[in-house]
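Notes to accompany the following structure.
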Amino acid sequence: MIDLKLLQKDFQGVSAKLSRKGVSAELIDDLKRKNEELKVAKVEYETLQGAQNTMSKEFGIYKKEGRDVNELKSKVDANKINIAVALDVQREKENALESLAMSIPNIPDDDVPSGADENENIEIRKVLTPREFSFTPKEHWELAEKNGWIDFERGVKLATSRFSVAFGMGAKLERALINFMLNFNSKRGFEEVSVPAIVNRAALEGTGQLPKFEDDLYKIHEQELFLIPTAEVPVTNLFQDEILSPNELPKKMTAYTPCFRKEAGAAGRDTRGMIRQHQFHKVELVAITKPEDSDRVFDEMVQTASDLLSALELPHRLMTLCSGDLGFGAAKTVDLEVWLPGQNSYREISSVSNTRDFQARRAKIRFKDGDKNSFVHTLNGSSLAVGRTMVAIMENFQNEDGTITIPKVLEPYIN
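The opening residue of the sequence shown carries number 188 in the numbering used here; numbering runs sequentially from there.
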């Protein structure tokens, strides 16, 4: 969550940055009120504690001088009760502020461009030139069904809409992409890890999916366990409530997992095909760094995802997200959008974010920083969403007769 000490020190500055991210004036006012209430409660407690210290010293002097201490003792005893009440009030105000802060998004970096939504994102650069077709390219769902790679109807039969089944070369391509991505990322210095696809509430609170986005998660009946929406959750929380050695940092990891999302906020969007599924495969990059290293590692992660797309011969562009399009936990994000000729547009295939110490505060991930313990920075990014990569391959490598050519780098993985 946001740094509450920074909030108390510079409320105007922090609230101005939060408003750039779309936080409502009402929520900021509520944050201010709870912050002021905590300040008052702290002053009350500290004043009473100061009086107690003064009376305790007087008590010693009285006894030493042989004076009557009964009246002073009564005041000390009464003040102890007031201190206990004031401490309870202070804790209540702290909990109220912390609870509200858990639903407040991360503060955007100063260099993040201001904007309301995705229409105001800024293109950094394009990579590779889209192919020119001598025919009208088809969209991926038509190609998938024609080649027998993906069966959408059987996915609905087994579960519900937005589930699908891969057959034959479709299933092989899916597996090939996962292996290729993991190997590619490992060669770039990201250690491969394998993690559970089910996590507890604390893990989702740590990375910021809870409490705000519970409606988008699949919860296991009568248990405080959830199917993961992304490998970012279990991989980041591997180090929850730990103090790491500075020599261990940066920790750079890559993981494949299935991912599960209700897509509660995406009703009516991308209802056909594989762009927005309830279950999908994804290879993730996660890094845990010292604060001074996070910008460098962020650039490495963006470059790794871009180079992976280039290795697959997929044209794409890099976009800096504006303040209004940033995710809840992100201080800074670069999206990679792949060219889809069937849709005649670029679509998101990876999103690389630096959350600074936002997740580390929630998950209590620290490192030994000289004589003190400091919060790490955490970063995450798709590398890549497997289903969307299959979509991009189908549309970019399609032939006029509807067949699909496999990218050269994947041939060894498909036998």
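Just so it is clear, CB atoms sit at the ideal spot from N, CA and C, and this is done for glycine as well.
What you are looking at is a predicted structure, and each value in this text was computed from that prediction instead of being measured.
Span of the alpha helix (DSSP H) around residue 485: On the sequence shown, residue 485 is found 298 positions in, with the first residue counted as 1. Looking at the DSSP string, the run of the alpha helix (DSSP H) that includes residue 485 is 481-498.
Reference residue 192; option with closest CA among 284, 317, 365: In the sequence shown, the residue the question calls residue 192 occupies position 5. Selected option, being the one with the closest Cα: 284.
Three-state secondary structure (DSSP) of residue 327: Counting from one through the sequence shown, the residue named residue 327 turns up at place 140. DSSP places residue 327 in helix when its eight states are reduced to three.
For residue 535 and residue 522, believed in contact at Cβ under 8 Å, the rounded distance: For the purposes of this step, residue 522 is taken as residue 335 along the sequence shown, with counting starting at 1. For the purposes of this step, residue 535 is taken as residue 348 along the sequence shown, with counting starting at 1. Between residue 522 and residue 535, the beta carbon gap of about 5 Å places them in contact (Cβ cut-off 8 Å).
C-beta contact flag for residue 573 and residue 469 at 8 Å: Residue 573 sits at position 386 when you count from the first residue of the sequence shown. Residue 469 sits at position 282 when you count from the first residue of the sequence shown. Result yes, Cβ atoms of residue 573 and residue 469 sit closer than 8 Å.
Three-pair Cβ contact test at 8 Å for the region 311-322 versus the region 417-430: Not touching, per the Cβ criterion.
Straight-line Cα distance separating residue 366 from residue 382: As a working note, residue 382 is residue 195 in the sequence shown. As a working note, residue 366 is residue 179 in the sequence shown. A straight-line Cα-Cα distance of about 16 Å links residue 382 and residue 366.
Contact belief for residue 511 with residue 302 at Cβ below 8 Å, rounded distance in angstroms: For the purposes of this step, residue 511 is identified with residue 324 of the sequence shown, where counting begins at 1. For the purposes of this step, residue 302 is identified with residue 115 of the sequence shown, where counting begins at 1. Your pair residue 511 and residue 302 checks out as a contact, with CB atoms roughly 5 Å apart and the cut at 8 Å.
Nearest residue (CA-CA) to residue 240, options 208, 223, 216, 267: Taking the first residue of the sequence shown as 1, we reach residue 240 at position 53. Ranked by how close their Cα comes to the Cα of residue 240, the residues 208, 223, 216, 267 have 267 in first place.
Own chain, CB closer than 8 Å to residue 350, minus 5 neighbours either side, in chain order: Looking up residue 350 in the sequence shown gives position 163. Scanning its chain for C-beta atoms nearer than 8 Å, with the 5 sequence neighbours on each side dropped, one finds around residue 350 the residues 342, 343, 464, 465, 466, in chain order.
Own chain partners of residue 236 with C-beta closer than 7 Å, once the 5 adjacent residues on each side are dropped: Here residue 236 refers to the residue found at position 49 when the sequence shown is read from its first residue. Closer than 7 Å at the Cβ level, and outside the excluded window around residue 236, lie 270.
Secondary structure, alpha helix (DSSP H): runs of 4+ residues fully inside the region 324-405: List check, alpha helix (DSSP H) in window: 327-333, 339-345, 355-374, 388-394.
Residue 579, buried or exposed, once every other Cβ within 10 Å from all chains shown has been counted against 16: For this step, residue 579 is matched to residue 392 along the sequence shown. Residue 579 comes out buried.
Buried versus exposed, by CB contacts within 10 Å (16 or more), residue 474: Against the sequence shown, residue 474 aligns to sequence position 287. Buried, since its Cβ has 16 or more Cβ neighbours within 10 Å.
Cutoff 7 Å; reference residue 338; Cβ partners in own chain excluding five residues on either side: By one-based count along the sequence shown, residue 338 stands at place 151. Correct list, in chain order: 351, 352, 354.
Continuous beta strand (DSSP E) stretch holding residue 474: start and end: The count along the sequence shown starts at 1 and reaches residue 474 at position 287. Annotation for residue 474: the continuous beta strand (DSSP E) segment containing it runs 466-476.
Host alpha helix (DSSP H) of residue 516 (start-end): Taking the first residue of the sequence shown as 1, we reach residue 516 at position 329. Element bounds for residue 516: n/a, residue is neither H nor E.
Which of helix, strand or coil DSSP assigns to residue 237: The residue you call residue 237 lines up with position 50 of the sequence shown. Residue 237 carries a helical assignment under DSSP once its states are collapsed to helix, strand and coil.
Residues that residue 602 bridges to, as DSSP identifies them: Along the sequence shown, one-based indexing puts residue 602 at 415. Residue 602 is not bridged to any residue.
First through last residue of the beta strand (DSSP E) which encompasses residue 431: Locating residue 431 in the sequence shown gives position 244, counting from the first residue. Element bounds for residue 431: 429-431.
Start and end residues, alpha helix (DSSP H) containing residue 198: Residue 198 sits at position 11 when you count from the first residue of the sequence shown. Per DSSP, residue 198 belongs to the alpha helix (DSSP H) from 198-207.
Separation of residue 585 from residue 516, as counted between CA atoms: Start at 1 with the first residue of the sequence shown, and residue 516 comes out as number 329. Start at 1 with the first residue of the sequence shown, and residue 585 comes out as number 398. About 38 Å.
Residue span of the alpha helix (DSSP H) that contains residue 574, given as start and end: If you number the sequence shown from 1, residue 574 lands on position 387. Per DSSP, the continuous alpha helix (DSSP H) segment holding residue 574 begins and ends at 573-583.
Neighbourhood of residue 405 by C-beta distance below 6 Å, restricted to the same chain and skipping five residues each side: On the sequence shown, residue 405 is found 218 positions in, with the first residue counted as 1. If we look at residue 405 and ignore the five residues flanking it on each side, its Cβ neighbours are 414, 447.
Supposed contact pair residue 477 and residue 563 - C-beta distance, whole angstroms, cut 8 Å: Counting from one through the sequence shown, the residue named residue 563 turns up at place 376. Counting from one through the sequence shown, the residue named residue 477 turns up at place 290. Contact holds; Cβ gap of about 7 Å.
Of the residues 428, 418, 434, 437, the one placed nearest residue 443, counting alpha carbons only: Looking up residue 443 in the sequence shown gives position 256. For the residues 428, 418, 434, 437, the minimum Cα distance to residue 443 belongs to 418.
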